[in-house]
Every structure is written in structure tokens, then in C-alpha cells.
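Colleague:
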Amino acid sequence: MELVSEHGYRQDGRKPHELRRMACRLGPCAQADGSAYLEQGLTKVLVTVYGPHEMRKNKGLALPDRAVISCRYCVASFATGKRTVQGLNERKAQEVEQLVTRAFEPVVRTALYPYSQIDILCEVLQADGSTISACLNAATVALIDAGIAMNGYICSCSSTMYNDTTIVDLNHLEEGMSSGPEMVLALFPKSEEIVVQELSSRLHEDQFEKFLCATIAGCKSVAAILDDVIRKNVNEVAWCLGWH
-4 MELVSEHGYR
6 QDGRKPHELR
16 RMACRLGPCA
26 QADGSAYLEQ
36 GLTKVLVTVY
46 GPHEMRKNKG
56 LALPDRAVIS
66 CRYCVASFAT
76 GKRTVQGLNE
86 RKAQEVEQLV
96 TRAFEPVVRT
106 ALYPYSQIDI
116 LCEVLQADGS
126 TISACLNAAT
136 VALIDAGIAM
146 NGYICSCSST
156 MYNDTTIVDL
166 NHLEEGMSSG
176 PEMVLALFPK
186 SEEIVVQELS
196 SRLHEDQFEK
206 FLCATIAGCK
216 SVAAILDDVI
226 RKNVNEVAWC
236 LGWH
């Protein structure tokens, strides 16, 4: 089975550069300071944000000049439909938690919140590929919903290379079939400043440039969707407050 047919279409009918259908909702969890539910194709994630708040545990780790960002990542037991090894689950979760924390440290204006902590909780409800990118995209929206000051917002896209063609926003089947390098990229869409770039294997410089450019284009397509979601939410809030 080929990732891309001779006619240029993927198994799910998309062209290599096309995203899956995306839908996002702000504020589904009223008890959180901010939250977002996001679907990328059949991948479904819920991200909640708590804070900034005073550190309740390990108060000695509080920083006098900025907030500490903490992330927790989990996959619901029913998300994949198959059993996985517990140790592998925990190791994968720790890797994602570190990646999410690293991604948002240059995004959140942490200097405005000294001696405090911001918690980002990512839960995968259904996993059908690109779960890390989905969590990063949902976390961006959840932080906006929480009203936390940021230097801008980031968006993320996954990709792989197949026969010199870049495929973006991978589903689970494509992740399993791919034998080429896979990338998870997160950036500020306007400046194209990269905050996360995870590459599974080495790639020749000539191929890498093309691969990166196509993945950046995927991120910008995600940004256009998130822009629309956020703009509609702002308009709805303004309408409810009588600001129209």
C-alpha cells in the first residue's frame, strides 16, 4: 500500500499538502481557567489550563522573576483501541510533557507572573495520528481562553517525506506506514520563528529545505483555521457583552 497514489492522492483522499478537517471549541471546561477541545480528523484532544497560581507543592522551586510552566499529558485508555506497555506510555508522556513545556516557554510572557505556576493539561481522547501537534494547537487556544499574556501564538503540524514528496498532518495509518523521516514542527506563523522542531531521522540538506518549507506551509494552514476560531469566539463574547 502506497502513502500517495500515482494520481497524487493519499489513502484518505487528501493531497499531500492538505490538512484533515479541523474543529475547535473554546471553554468547554468551566472549572478550568482556560480550555479548548480540538479535533484534527479523528484525533480528538482536550487541553485545560490552570493558573497563573501560587505553587502549592515544591514552593522552593518558584522563580522570583517568572512563572514556571508545567505540563501533564495523558492518553485515555479508550483512545487507541489497543493495549500498550505501561512503561512505554509513561516514557512517551514524559517526552511530550517536556516538548510542550519547551514550546510554550518562549510564548507565554512568564515575567509577568513571578513566583507562580501555569499548568497545561493535555488529554488525548482519540488518537488517529498527529496527537502532539493537536495538543500544541489546542494548548495555544486554551492559553488564549485563560487570558494569559503571550508574545503571540504558535501552531503545529506533523509531516513525513515519501518519494521526495512531503505529506502533512499525518493520520495513524500514515504514521505506521511511513519509512521516511517524520517531523513535528511548531512556530509563530507570522514570523516563522520555530519553537519546536522534532525530526525522527537525518535528512540531506537539499531535501531538508524542501521538507521544512512544506511543513511550515502546513503550520500556516493550521494558523488560518485557528485564527478563524479565535476571531469568531471574540465576536461572540463581544456580542454577549453588548460591545457590537
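First residue of the sequence shown? That's -4 in our numbering, and the numbers climb one at a time after it.
All residues carry an ideal CB built from backbone N, CA and C; glycine is no exception.
#1: Could you give the first and the last residue of the continuous alpha helix (DSSP H) run that contains alanine 133?
#2: Using the C-alpha atoms, what's the distance from cysteine 214 back to lysine 205?
#3: Quick check on the burial criterion: 16 or more other C-beta atoms within 10 angstroms. Buried or exposed for arginine 15?
#4: Which residues share a DSSP beta bridge with isoleucine 115?
#5: Would you kindly check if the distance between the Cβ of serine 65 and the Cβ of aspartate 123 is under 7 Å?
#6: Report buried or exposed for valine 229, applying the criterion of at least 16 other Cβ atoms within 10 angstroms of its Cβ.
#7: Please state the DSSP three-state secondary structure of cysteine 235.
#8: Return the chain-ordered list of same chain residues with a C-beta closer than 6 Å to the C-beta of isoleucine 189, the five sequence neighbours on each side being excluded.
#9: Within the continuous beta strand (DSSP E) that includes glycine 36, where are the two ends?
#10: What number of angstroms, rounded off, separates the C-alpha of arginine 5 from the C-alpha of serine 173?
#11: To the nearest angstrom, how far is it from the Cα of serine 72 to the Cα of leucine 131?
#12: Using a Cβ-based criterion (distance less than 6 Å to any ligand heavy atom), does glutamate 170 qualify as near the ligand MG?
#13: Along the beta strand (DSSP E) that carries leucine 194, what are the first and last residues, could you check?
#14: Output needed for cysteine 290: all residues of its chain with C-beta closer than 6 Å, excluding positions within five of it in sequence on either side, in chain order.
#15: Note down, in chain order, each residue of its chain lying with its Cβ closer than 6 Å to the Cβ of serine 0, except the 5 sequence neighbours on either side.
Modeller: Inspection of the coordinates gives the following:
#1: First-last of the alpha helix (DSSP H) with alanine 133: 126 to 140.
#2: Those two C-alpha atoms are separated by around 14 Å.
#3: That one is buried.
#4: Within the DSSP bridge table, the entry for isoleucine 115 names Val44 and Cys66 as partners.
#5: No.
#6: Label assigned to valine 229: exposed.
#7: Helix, per DSSP.
#8: Taken in chain order, the residues that qualify are Leu182.
#9: First-last for glycine 36: undefined, no H or E at that position.
#10: One C-alpha to the other measures close to 12 Å.
#11: Looking at the two C-alpha atoms, the distance is approximately 21 Å.
#12: As for the ligand MG, it is missing from this structure, which has no ligand bound.
#13: Start and end: 189 to 194.
#14: Residue numbering for the chain in the displayed model covers -4 to 239; residue 290 lies beyond these limits and cannot be assessed.
#15: Nothing listed; no residue qualifies.
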